[in-house]
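In this note's numbering, the protein residues as written are 4 to 162. Even glycine gets a Cβ: it sits at the ideal position worked out from N, Cα and C. Remarks on the structure that follows.
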C-alpha cells in the first residue's frame with residue numbers, strides 16, 4: 004500500500020507541474036481560454052499569496068509553513084495503523100502532501116504559484132491541480148474523522 008501511495012503522490016505532483024508548465028507556456032500568451040462560455044475558463048494567474056490570493060508576497064512564510072506541514076504529516080503518517088479506515092487517512096494525506104509539494108515547487112523555483120482553473124460563473128478564485136489535491140484530501144480526511152467518531156458518540160450517549 005505504501006508504494007502505491009508514493010507512486011500516486013509522484014503522479015499527482017507530475018500532473019500538477021505539467022499542467023502549470025502548459026499554463027505558463029500557453030495561457031501566459033493569451034491570458035484566458037474560454038472552455039464553457041460564462042461558466043469555466045482557463046486563465047493564467049501568478050498567485051503570490053496563499054489560497055485564493057490571500058496574504059500576498061509572503062513566499063518565505065509559505066515555504067516554511069509548507070515544509071513544517073509536510074514534516075508533521077510524515078510524522079503522523081508513521082503512527083497510523085494499517086486498518087481499512089486508516090488506509091483512507093493515508094490516501095487523504097497523500098493528496099494533501101502532493102498538493103503541498105506541487106505548490107512548494109512553484110514557490111521555491113518561481114516565487115509564485117501558477118493557477119489556471121477559473122469558474123467564472125461563480126467568480127471562484129483561480130486554482131490549480133495542487134489546490135484540488137489539498138482540498139480533496141482535506142475533505143476526505145475530515146469525513147473519515149467524523150464518521151469514525153460517530154460510533155464513539157453513540158456509545159457515550161447510551162452509557
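Can you give the beta carbon distance from residue i to residue j, rounded, assuming they're within the 8 Å contact cut?
{"i": "residue 120", "j": "residue 131", "result": "7 Å"}
{"i": "residue 147", "j": "residue 101", "result": "About 18 Å; that fails the 8 Å criterion."}
{"i": "residue 19", "j": "residue 105", "result": "4 Å"}
Taking 8 Å as the cut-off, decide whether the C-beta atoms of residue i and residue j are in contact.
{"i": "residue 117", "j": "residue 126", "result": "no"}
{"i": "residue 30", "j": "residue 46", "result": "yes"}
{"i": "residue 103", "j": "residue 72", "result": "yes"}
{"i": "residue 93", "j": "residue 80", "result": "yes"}
{"i": "residue 8", "j": "residue 97", "result": "yes"}
{"i": "residue 149", "j": "residue 107", "result": "no"}
Kindly indicate which residue of the options has the alpha-carbon position closest to the one of residue i.
{"i": "residue 122", "options": "10, 37, 11, 14", "result": "37"}
{"i": "residue 141", "options": "133, 23, 22, 99", "result": "99"}
{"i": "residue 64", "options": "12, 111, 28, 14", "result": "111"}
{"i": "residue 44", "options": "4, 82, 34", "result": "34"}
{"i": "residue 135", "options": "5, 15, 27, 58", "result": "15"}
Please state the DSSP three-state secondary structure of residue i.
{"i": "residue 60", "result": "coil"}
{"i": "residue 134", "result": "helix"}
{"i": "residue 53", "result": "coil"}
{"i": "residue 119", "result": "strand"}
{"i": "residue 113", "result": "coil"}
{"i": "residue 48", "result": "strand"}
{"i": "residue 38", "result": "strand"}
{"i": "residue 127", "result": "coil"}
Keeping to the same chain, check which residues put their C-beta closer than 6 Å to that of residue i; ignore five residues upstream and five downstream.
{"i": "residue 129", "result": "46, 48, 118, 121"}
{"i": "residue 22", "result": "132"}
{"i": "residue 137", "result": "99, 102"}
Which residues in the same chain as residue i place their Cβ atom closer than 7 Å to its Cβ, once the five residues preceding and following it in sequence are excluded?
{"i": "residue 124", "result": "41, 42"}
Within a Cβ cutoff of 8 Å, which residues of the same chain sit near residue i, ignoring the five residues on either side of it in sequence?
{"i": "residue 50", "result": "56, 115, 116, 117, 118, 129"}
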